[in-house]
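See structure below.
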Amino acid sequence: MLAYIVRRLLLIIPTLWAIITVNFFIVQIAPGGPVDQAVAQMQGIRSNMSMERLSGVGRTEVTEAKNAKELIPSDTKGQGSGYRGSRGLDPQVIKEIEKRYGFDKPLWVRYLTMLRDYLTFNFGDSLFKGRSVMALIIERIPVSASLGIWSTLIIYLVSIPLGIKKAVKHGSRFDVWTSTAIVLGNAIPSFLFAVLLVVLFAGGSFLKIFPLRGLWSVNIAHLSLPQKILDYFWHLVLPITAMTIGGFASLTMLTKNSFLEEINKQYVMTARAKGLTERAVLLGHVFRNAMLIVIASFPAALISMFFTGSMLVEVIFSLEGLGLLGFEATMQRDYPVMFATLYIFTLLGLLLTLLSDLMYTVIDPRIDFEGRR
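Going by this note's numbering, 276 is the number at position 273 of the sequence shown; the sequence numbering is gapless.
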């Protein structure tokens, strides 16, 4: 088993390299990079200044100014730089912007520099936030970890027993009503349910029971340890509820269908014929085989809760997590933050996949990865 773990850990290196390389070159050729955005911002400032100048002159003077092209210096007119919207800007200004964002170096130099730095988890500084990328990520990990871990844990603790009971009582009223409930819950978007929770319980229009913003209260430093723990979970009630409302359907039905498939197999009938109780049959025989496919979905579920699933919930409840950080970086073309979050989530996903594979052997000791060829 140790040799298998070592091989899997070594395979993480080329996998990370391939993902980062592909995304690096895709992003580099995509339009609207940080230099384009900085140029557009400067052009917007110039336009505002031009409008202010025009507001103090008459129509005749405006016409003469346009005809004479006084608003943009003639010596920089038409000097292209390869960036959209750069017309009218001094080429020296463009070069300074490129140097500021590191685009004054060739593409292959930037690529090799990124690989060298990522080996030591040196992600550089954010292009637009003026802070270290690692500091930004560390600052926002508690929020994303709280939302992702607790939401995934609650979903699994509820869905697996519920799916098993639905399989045992297949076709009964309990099965029908629970199926209806989880399908309705799955049909409600998490962000819409979050808005509803804010309106009902966070002082929107009715009750004001739960806090609306942040992960901690303002006076957290003055609270005792039990009070801090209670305050922490009190702030998480609404966000976690919003994130889990639609997460039960797929896992519950997956568990149910997996157990139904195993229950109808010959070895289950043989175990019952030997006089084993239903509980012993389910937990001792069916559970090991049925849970394998459920465990396989764990890494994807946790990663989705960490990143994509929590972004809108973070916005609604003013929680600054990694999901919101990645979205803002994508919109601003903040490449260091984009690649750092991609790198970390890819690494986390690969490690969780390895963990789920090891859990196979815990649930079913008959599985031996060393014996696979």
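Glycine included, C-beta positions come from ideal geometry on N, C-alpha and C.
Annotated three-state conformation of Ser129 is coil, per DSSP. Shown here, Ser175 sits in coil according to DSSP, grouped into three states, outside any helix or strand. DSSP places Ser135 in the strand class (E or B) of the three-state scheme.
The Cβ atoms of Val297 and Ile158 do not sit closer than 9 Å to each other. Following the DSSP letters along the chain, one finds Phe194 inside the alpha helix (DSSP H) bounded by residues 193-204. Within the same chain, and ignoring the five residues on either side of Phe204 in sequence, the residues whose Cβ sits closer than 6 Å to its Cβ are Leu210, Ile212, Phe213.
Pro339 counts as buried, since no fewer than 16 other beta carbons sit within 10 angstroms of its beta carbon. Taking the CA atoms as reference points, Leu14 sits about 14 Å from Leu5. Where His238 is concerned, the enclosing alpha helix (DSSP H) starts and stops at 228-247. Distance check between Ile248 and each of Gln31, Lys168, Leu200, Lys169 places Leu200 closest, using alpha-carbon atoms only. Taken through DSSP and simplified to helix, strand or coil, Lys211 comes out as strand.
Of the other Cβ atoms in all chains shown, fewer than 16 fall within 10 Å of the Cβ of Thr123; this residue is therefore exposed. If you look at Asn292, you'll find it in the alpha helix (DSSP H) that goes 290-299.
No Cβ-Cβ contact shorter than 9 Å links Ile319 with Val240.
Rounded to whole angstroms, the Cβ separation of Leu350 and Leu19 is 6 Å, and the two are in contact under 8 Å. Residue range 5-32 is occupied by the alpha helix (DSSP H) that includes Pro17. Below 8 Å, enough C-beta pairs join the segment 331-348 and the segment 23-34 to call them touching: three or more. In this structure, Thr258 lies near Leu165, with their beta-carbon atoms less than 9 Å apart. Under the DSSP assignment, Arg119 falls in the alpha helix (DSSP H) whose first and last residues are 110-122.
The C-beta of Pro192 has fewer than 16 other C-beta atoms within 10 Å across all chains shown, which makes the residue exposed.
Ranked by Cα distance from Val186, the options Phe27, Ala252, Trp111, Leu228 are led by Ala252. Per DSSP, the unbroken alpha helix (DSSP H) holding Ser359 starts and ends at 338-366.
Leu361 and Ile141 have their C-alpha atoms roughly 28 Å apart.
Going by DSSP, Gly326 is part of the alpha helix (DSSP H) stretching over 325-335.
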